[in-house]
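Protein chains: 2
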Amino acid sequence: MQFADRLNNVETSAIRELFKLLGKPGIISFAGGFPDPAMFDVEGLKEASANALTEEPGPALQYGATEGYQPLRDQLSTYMATKGATVAANELIVTTGSQQALDLLGKTMISPGDKVIVEGPTFLATIQCFRLYGAELISAPIDAHGVKTDELEKLIAEHKPKFVYLIPTFGNPSGAMLSLERRKKVLELAVKYNTLIVEDDPYGDLYFHAAPPPSILSLSKDVPGSRDLIAYCGSLSKVLSPGLRVGWMIAQPELLAKATMCKQFSDAHTSTFAQATASQYLKLGRLPAQLAIVRKVYAERAAAMAEALRRELGDAIEFTEPEGGLFFWARLTGAGGKVKDAGEFAKRAIEQGVAFVPGAPFYAADADVATLRLSFATADVGKILEGVGRLGKAI
Amino acid sequence: MQFADRLNNVETSAIRELFKLLGKPGIISFAGGFPDPAMFDVEGLKEASANALTEEPGPALQYGATEGYQPLRDQLSTYMATKGATVAANELIVTTGSQQALDLLGKTMISPGDKVIVEGPTFLATIQCFRLYGAELISAPIDAHGVKTDELEKLIAEHKPKFVYLIPTFGNPSGAMLSLERRKKVLELAVKYNTLIVEDDPYGDLYFHAAPPPSILSLSKDVPGSRDLIAYCGSLSKVLSPGLRVGWMIAQPELLAKATMCKQFSDAHTSTFAQATASQYLKLGRLPAQLAIVRKVYAERAAAMAEALRRELGDAIEFTEPEGGLFFWARLTGAGGKVKDAGEFAKRAIEQGVAFVPGAPFYAADADVATLRLSFATADVGKILEGVGRLGKAI
Numbered sequence: 003m004q005f006a007d008r009l010n011n012v013e014t015s016a017i018r019e020l021f022k023l024l025g026k027p028g029i030i031s032f033a034g035g036f037p038d039p040a041m042f043d044v045e046g047l048k049e050a051s052a053n054a055l056t057e058e059p060g061p062a063l064q065y066g067a068t069e070g071y072q073p074l075r076d077q078l079s080t081y082m083a084t085k086g087a088t089v090a091a092n093e094l095i096v097t098t099g100s101q102q103a104l105d106l107l108g109k110t111m112i113s114p115g116d117k118v119i120v121e122g123p124t125f126l127a128t129i130q131c132f133r134l135y136g137a138e139l140i141s142a143p144i145d146a147h148g149v150k151t152d153e154l155e156k157l158i159a160e161h162k163p164k165f166v167y168l169i170p171t172f173g174n175p176s177g178a179m180l181s182l183e184r185r186k187k188v189l190e191l192a193v194k195y196n197t198l199i200v201e202d203d204p205y206g207d208l209y210f211h212a213a214p215p216p217s218i219l220s221l222s223k224d225v226p227g228s229r230d231l232i233a234y235c236g237s238l239s240k241v242l243s244p245g246l247r248v249g250w251m252i253a254q255p256e257l258l259a260k261a262t263m264c265k266q267f268s269d270a271h272t273s274t275f276a277q278a279t280a281s282q283y284l285k286l287g288r289l290p291a292q293l294a295i296v297r298k299v300y301a302e303r304a305a306a307m308a309e310a311l312r313r314e315l316g317d318a319i320e321f322t323e324p325e326g327g328l329f330f331w332a333r334l335t336g337a338g339g340k341v342k343d344a345g346e347f348a349k350r351a352i353e354q355g356v357a358f359v360p361g362a363p364f365y366a367a368d369a370d371v372a373t374l375r376l377s378f379a380t381a382d383v384g385k386i387l388e389g390v391g392r393l394g395k396a397i
Numbered sequence: 003m004q005f006a007d008r009l010n011n012v013e014t015s016a017i018r019e020l021f022k023l024l025g026k027p028g029i030i031s032f033a034g035g036f037p038d039p040a041m042f043d044v045e046g047l048k049e050a051s052a053n054a055l056t057e058e059p060g061p062a063l064q065y066g067a068t069e070g071y072q073p074l075r076d077q078l079s080t081y082m083a084t085k086g087a088t089v090a091a092n093e094l095i096v097t098t099g100s101q102q103a104l105d106l107l108g109k110t111m112i113s114p115g116d117k118v119i120v121e122g123p124t125f126l127a128t129i130q131c132f133r134l135y136g137a138e139l140i141s142a143p144i145d146a147h148g149v150k151t152d153e154l155e156k157l158i159a160e161h162k163p164k165f166v167y168l169i170p171t172f173g174n175p176s177g178a179m180l181s182l183e184r185r186k187k188v189l190e191l192a193v194k195y196n197t198l199i200v201e202d203d204p205y206g207d208l209y210f211h212a213a214p215p216p217s218i219l220s221l222s223k224d225v226p227g228s229r230d231l232i233a234y235c236g237s238l239s240k241v242l243s244p245g246l247r248v249g250w251m252i253a254q255p256e257l258l259a260k261a262t263m264c265k266q267f268s269d270a271h272t273s274t275f276a277q278a279t280a281s282q283y284l285k286l287g288r289l290p291a292q293l294a295i296v297r298k299v300y301a302e303r304a305a306a307m308a309e310a311l312r313r314e315l316g317d318a319i320e321f322t323e324p325e326g327g328l329f330f331w332a333r334l335t336g337a338g339g340k341v342k343d344a345g346e347f348a349k350r351a352i353e354q355g356v357a358f359v360p361g362a363p364f365y366a367a368d369a370d371v372a373t374l375r376l377s378f379a380t381a382d383v384g385k386i387l388e389g390v391g392r393l394g395k396a397i
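Read top to bottom, the protein sequences are chains A and B.
Position one of the first sequence corresponds to residue 3 (our numbering), numbered consecutively onward.
Position one of the second sequence corresponds to residue 3 (our numbering), numbered consecutively onward.
1) On the three-pair Cβ rule with 8 Å, is the stretch 96-104 of chain B touching the stretch 296-303 of chain B?
2) For residue 9 of chain B, go through chain A and note every residue whose CB falls closer than 9 Å to its CB, in chain order.
3) Compute the distance between the beta-carbons of residue 356 of chain A and residue 327 of chain A, then report whether it is under 7 Å.
4) Beta-carbon of residue 255 of chain A versus every beta-carbon of chain B: anything under 7 Å?
5) Taking only beta-carbon atoms, is residue 44 of chain A less than 7 Å away from chain B?
6) Can you tell which of B/210, B/203, B/257 has its C-alpha closest to the C-alpha of residue 218 of chain B?
7) Just to confirm my understanding: we take residue 234 of chain A, look at its own chain, exclude 5 residues before and 5 after, and list those with CB closer than 6 Å. What are they?
8) When the cut-off is 7 Å and only beta carbons count, does residue 130 of chain A lie next to chain B?
9) Hey, quick one: how far does the beta strand (DSSP E) through residue 217 of chain A stretch, first residue to last?
10) Mind reading off the beta-carbon distance from residue 27 of chain B to residue 177 of chain B? Whole number of angstroms is fine, and I expect it under 8 Å.
11) Can you tell me where the beta strand (DSSP E) holding residue 61 of chain B begins and where it ends?
12) Let me confirm a value: residue 368 of chain B is counted as buried when at least 16 other C-beta atoms fall within 10 Å, else exposed. Which label applies?
13) Using only CA atoms, which one of B/104, B/43, B/30 lies nearest to residue 264 of chain A?
14) Report yes or no: do the stretch 51-60 of chain B and the stretch 237-247 of chain B share at least 3 C-beta pairs separated by less than 8 Å?
15) For residue 251 of chain B, return the contacting residues in chain A, with the cut-off set at a CB-CB distance below 9 Å.
16) Provide the residue span of the alpha helix (DSSP H) that contains residue 79 of chain B, from first to last.
17) So, at 8 Å on beta carbons, what are the nonlocal neighbours of residue 398 of chain B in its own chain, with the 5 sequence-adjacent residues on each side left out?
18) Buried or exposed, going by whether 16 or more other CB atoms sit within 10 Å of the CB of residue 380 of chain B?
19) In chain order, what residues of the same chain lie with their CB nearer than 8 Å to the CB of residue 385 of chain A, ignoring the 5 residues before and after it?
20) In the DSSP assignment, find the alpha helix (DSSP H) that holds residue 234 of chain B and state where it starts and stops.
21) Does the beta carbon of residue 81 of chain B come closer than 7 Å to any beta carbon on chain A?
22) Given a limit of 7 Å on CB to CB distance, which residues of the stretch 224-253 of chain B reach chain A?
23) CB-CB under 7 Å to residue 207 of chain B, same chain, minus the five flanking residues each way: which ones, in chain order?
24) Measure the CB-CB distance between residue 364 of chain A and residue 376 of chain A and report whether it falls below 7 Å.
25) For chain A, check one thing: does any of its Cβ atoms lie closer than 7 Å to the Cβ of residue 173 of chain B?
26) In the DSSP assignment, what are the bridge partners of residue 334 of chain B?
27) Anything in chain B within Cβ reach of residue 64 of chain A, meaning under 9 Å, just list it in chain order.
28) In the structure shown, what three-state DSSP assignment does residue 394 of chain A receive?
29) 7 Å is my cut-off, CB to CB: does residue 282 of chain A come that close to chain B?
30) Is residue 140 of chain B near residue 119 of chain B, with beta carbons less than 7 Å apart?
31) Quick one: give me the first and last residue of the alpha helix (DSSP H) that residue 265 of chain A is part of.
32) Using only alpha-carbon positions, find the residue among B/129, B/143, B/144 that is nearest to residue 137 of chain B.
33) Once the 5 residues before and after residue 345 of chain A are set aside, which same chain residues still bring their CB inside 6 Å of it?
34) In or out: residue 226 of chain A buried (at least 16 other Cβ within 10 Å) or exposed?
35) Pull the bridge partners of residue 117 of chain B from the DSSP assignment, please.
36) Any beta carbon of chain B sitting closer than 7 Å to that of residue 98 of chain A?
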């Protein structure tokens with residue numbers, strides 16, 4: 003069978019092979035990108051879905067508008083306001099998870115050969131998603147404060163990309179938080195080079211102590227001409243439930259209209275049943291209290307992992323302790339002749355009964371093979387201590 | 003803003019303009035393609051979703067496998083068996099409505115410039131979906147017994163299409179049912195020309211009296227070498243609820259694996275919450291009784307519409323009475339100097355307070371402007387009689 007040429011642009015994931023090993027009994031996994039299901043507000047979602055099917059069974063079960071279910075768009079507008087962004091309900095569309103927002107951006111914007119700048123490292127499924135539309139990805143270097151805006155400017159000037167894709171707040175895999183200063187610089191670059199910036203923000207609400215700087219979208223009100231150059235992707239996956247597959251995209255009207263047309267022929271609309279449930283849930287007002295619990299639990303786990311990594315791996319590993327999100331991004335130093343290749347380390351770790359993801363696949367180019375990603379979200383503190391202990395043996 | 007070149011391949015729908023008029027108070031609509039929400043088994047779905055959140059809250063709310071939620075795949079395998087097709091659970095993937103199955107077929111199979119044969123007329127969103135991937139669509143003529151297989155063979159031989167897309171059973175918009183003889187012929191053509199056949203089957207269960215012939219997929223067991231050349235798209239939208247967005251695709255392993263990879267970067271997976279609810283619903287065993295009600299109601303409405311059309315419009319219109327599905331496909335004859343252009347007729351009808359969809363947009367090429375589609379699904383018998391009466395005045 004002759005498949006479409008675009009499939010030649012993507013490889014099956016190296017990570018996938020590793021994930022097959024996760025089924026081994028007794029493995030402690032730091033490999034996933036999942037939230038902890040124990041954090042799901044099952045009672046709240048039961049009430050919300052029952053309300054949806056009692057109060058609005060017709061709309062909740064019928065075909066709906068491609069743009070999204072209006073009561074949910076209204077709720078999401080309110081939710082964005084609590085995060086400091088003024089967004090009218092018709093300035094956003096609901097997507098089937100924020101993965102679909104990425105897909106729609108690719109479908110709407112990328113012609114084969116177009117350049118797109120991403121962080122190095124960035125979300126693996128973004129790399130593959132954009133490459134399926136024929137994008138040539140340019141990798142912009144990051145540090146603990148997110149993308150290096152000086153380097154980013156050089157790359158924008160040189161490559162004139164279709165857009166720049168950033169996960170500025172507790173990014174996957176980097177866990178990094180883009181500083182306020184750099185956020186403003188990104189907005190200035192958008193205007194200076196008339197370049198679209200895609201802000202992917204699934205983790206912004208998962209801060210441990212102080213709230214992060216406002217989103218790039220929120221800050222756009224201070225930089226004249228920048229608002230129309232920001233596309234923002236939000237998601238309920240990490241704060242409520244990934245299984246709902248409810249995300250949203252905010253963009254200027256023309257881009258939003260084109261993305262809506264693309265969505266019409268992608269899946270007609272996002273499940274109205276899931277949308278009505280999400281809408282009812284937000285209406286119940288349970289999210290803030292739920293988020294407070296989630297933040298506290300993840301903060302404890304992150305602190306435990308940081309301390310254990312320092313104790314068990316010492317100078318063999320370096321990392322910046324994240325201030326939110328789900329991930330540690332770390333780098334093997336090779337100190338004392340210890341293993342420096344994260345792929346090799348991953349194999350040894352599996353033998354010791356602990357799993358993580360090597361960092362190389364997260365780079366669109368120039369992979370740093372010494373890097374790795376550790377998720378602290380799904381293991382409790384006891385498991386984290388045990389798992390990091392095994393990492394210590396593996397190294 | 004510079005959008006992707008692929009957007010130049012599609013037009014915004016002519017139908018969309020018409021739909022804006024549907025908001026007019028008092029309009030009777032035969033325009034939609036929606037099932038009647040009064041047919042939704044709300045109580046059954048309430049029970050099913052409550053069961054999902056009680057018995058399996060973790061999996062129902064967490065990320066899931068791109069291929070689909072395993073209990074649902076098992077249920078769909080059983081469901082296909084009741085329809086005469088032997089399909090193992092791992093021979094199907096769950097899609098976000100069957101619209102996404104079409105999108106994944108486009109993404110997986112179509113390179114720009116590839117040819118795809120569709121029926122003339124065919125489902126509007128299929129035309130746009132495939133064109134977004136750069137397909138050149140070839141239109142195969144149909145009659146009341148579905149696609150004319152002699153013509154289809156000539157087109158396959160001439161154009162060597164990437165695949166042939168058919169809605170063989172109560173198709174949208176044609177309402178036509180492909181005869182058993184022609185189904186077998188299609189399978190022979192698949193083998194003879196080594197051509198993939200896509201069978202889209204959202205309406206097959208909505209028969210009024212006798213069951214239709216087995217699906218092309220089911221019949222493939224009688225034609226050696228044909229099974230791997232059939233991709234089948236199923237959907238719960240017309241038999242249970244469109245709002246769940248639960249469809250599925252059956253195909254040979256390599257195609258299914260490639261489509262799964264494409265889906266991974268399209269929306270990660272279909273809502274596990276919707277999938278678990280659908281799975282629980284099918285497990286409840288309520289679908290057969292529910293379908294019996296739906297068939298009876300739609301059969302009454304179709305009969306009422308047929309009788310009223312003959313009475314009110316006489317020889318100004320010709321049509322074949324459908325044996326299932328949601329649609330009448332009709333053609334203005336111009337007899338007695340009456341209106342022959344369905345676009346013009348639609349405008350006059352709106353003035354009289356009744357809406358339908360002109361047929362021209364359903365053709366990928368060589369549109370017959372005298373055709374129109376009338377849905378009898380959402381209006382009750384009284385409304386149908388009143389609406390067709392208004393059509394009589396409009397003509």
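Yeah, the Cβ is synthetic: ideal placement off N, Cα and C, and Gly gets one too.
On the basis of the coordinates in this document:
1) no
2) The residue given as residue 9 of chain B occupies position 7 in the second sequence. By Cβ distance, chain A contributes 109, 110, 260, 263, 264.
3) Taking the first residue of the first sequence as position 1, residue 356 of chain A is located at position 354. Taking the first residue of the first sequence as position 1, residue 327 of chain A is located at position 325. No, the pair does not count as a contact, with Cβ atoms beyond the cut-off.
4) As a first step, residue 255 of chain A must be located in the first sequence, where it is residue number 253. It does not: the Cβ of residue 255 of chain A has no partner Cβ on chain B nearer than 7 Å.
5) On the first sequence, position 42 is the one that residue 44 of chain A refers to. Closer than 7 Å to some Cβ of chain B, the Cβ of residue 44 of chain A qualifies, so yes.
6) For the purposes of this step, residue 218 of chain B is taken as the residue at position 216 of the second sequence. Comparing Cα positions, the closest option is B/203.
7) If you number the first sequence from 1, residue 234 of chain A lands on position 232. Correct list, in chain order: 201, 219, 252.
8) Working through the first sequence from its first residue, we reach residue 130 of chain A at position 128. Judged by the 7 Å Cβ criterion, residue 130 of chain A is in contact with chain B.
9) Counted from its first residue, the first sequence places residue 217 of chain A at position 215. Counting along the chain, residue 217 of chain A falls outside any beta strand (DSSP E), and DSSP gives it neither H nor E.
10) Here residue 27 of chain B refers to the residue found at position 25 when the second sequence is read from its first residue. Here residue 177 of chain B refers to the residue found at position 175 when the second sequence is read from its first residue. Their Cβ separation, rounded to whole angstroms, is 29 Å, which puts residue 27 of chain B and residue 177 of chain B out of contact at 8 Å.
11) Taking the first residue of the second sequence as 1, we reach residue 61 of chain B at position 59. From DSSP, residue 61 of chain B is part of no beta strand (DSSP E) but of the alpha helix (DSSP H) over 59-63.
12) As a working mapping, residue 368 of chain B is identified with position 366 in the second sequence. Looking at its Cβ environment, which holds fewer than 16 other Cβ atoms inside 10 Å, residue 368 of chain B is exposed.
13) Along the first sequence, one-based indexing puts residue 264 of chain A at 262. Answer by Cα proximity: B/104.
14) no
15) Numbered from 1 along the second sequence, position 249 holds the residue referred to as residue 251 of chain B. By Cβ distance, chain A contributes nothing, its closest Cβ being about 13 Å from residue 251 of chain B, past 9 Å.
16) In the second sequence, residue 79 of chain B corresponds to position 77, counting from 1. Note, residue 79 of chain B: alpha helix (DSSP H), 72-84.
17) Nothing about residue 398 of chain B can be read from this structure; chain B reaches only from 3 to 397.
18) Numbered from 1 along the second sequence, position 378 holds the residue referred to as residue 380 of chain B. Classification for residue 380 of chain B: buried.
19) For the purposes of this step, residue 385 of chain A is taken as residue 383 along the first sequence, with counting starting at 1. Same-chain partners within the cutoff: 30.
20) Taking the first residue of the second sequence as 1, we reach residue 234 of chain B at position 232. Taken as a continuous stretch (DSSP letters only), residue 234 of chain B belongs to no alpha helix (DSSP H), being part of the beta strand (DSSP E) at 232-237.
21) Within the second sequence, numbered from 1, the residue matching residue 81 of chain B stands at position 79. No - not a single Cβ of chain A is within 7 Å of the one on residue 81 of chain B.
22) 243, 244, 245, 246, 247
23) Counted from its first residue, the second sequence places residue 207 of chain B at position 205. So the qualifying residues of the chain are 241, 293.
24) Taking the first residue of the first sequence as position 1, residue 364 of chain A is located at position 362. Taking the first residue of the first sequence as position 1, residue 376 of chain A is located at position 374. Going by C-beta atoms, residue 364 of chain A is not nearer than 7 Å to residue 376 of chain A.
25) In the second sequence, counting from the first residue as 1, residue 173 of chain B sits at position 171. So, not an interface residue.
26) The residue labelled residue 334 of chain B in the question sits at position 332 within the second sequence. Residue 334 of chain B pairs with B/319.
27) Taking the first residue of the first sequence as position 1, residue 64 of chain A is located at position 62. The contacting residues are 36, 37, 39, 42, 243, 244, 245.
28) By one-based count along the first sequence, residue 394 of chain A stands at place 392. DSSP places residue 394 of chain A in helix when its eight states are reduced to three.
29) Along the first sequence, read from residue 1 onward, the residue named residue 282 of chain A stands at position 280. With 7 Å as the cut-off, residue 282 of chain A does not count as an interface residue toward chain B.
30) Counted from its first residue, the second sequence places residue 140 of chain B at position 138. Counted from its first residue, the second sequence places residue 119 of chain B at position 117. Yes, Cβ-Cβ distance for residue 140 of chain B and residue 119 of chain B is below 7 Å.
31) Within the first sequence, the letter at position 263 stands for residue 265 of chain A. Taken as a continuous stretch (DSSP letters only), the alpha helix (DSSP H) holding residue 265 of chain A covers 255-269.
32) Here residue 137 of chain B refers to the residue found at position 135 of the second sequence. Taking only the C-alpha atoms, the option nearest residue 137 of chain B is B/129.
33) Residue 345 of chain A sits at position 343 when you count from the first residue of the first sequence. Excluding sequence neighbours, residue 345 of chain A sits near 360.
34) For this step, residue 226 of chain A is matched to residue 224 along the first sequence. Residue 226 of chain A is exposed by the Cβ-count criterion.
35) Position 115 of the second sequence holds residue 117 of chain B. BP columns for residue 117 of chain B point to B/138.
36) The count along the first sequence starts at 1 and reaches residue 98 of chain A at position 96. So yes, residue 98 of chain A belongs to the interface.
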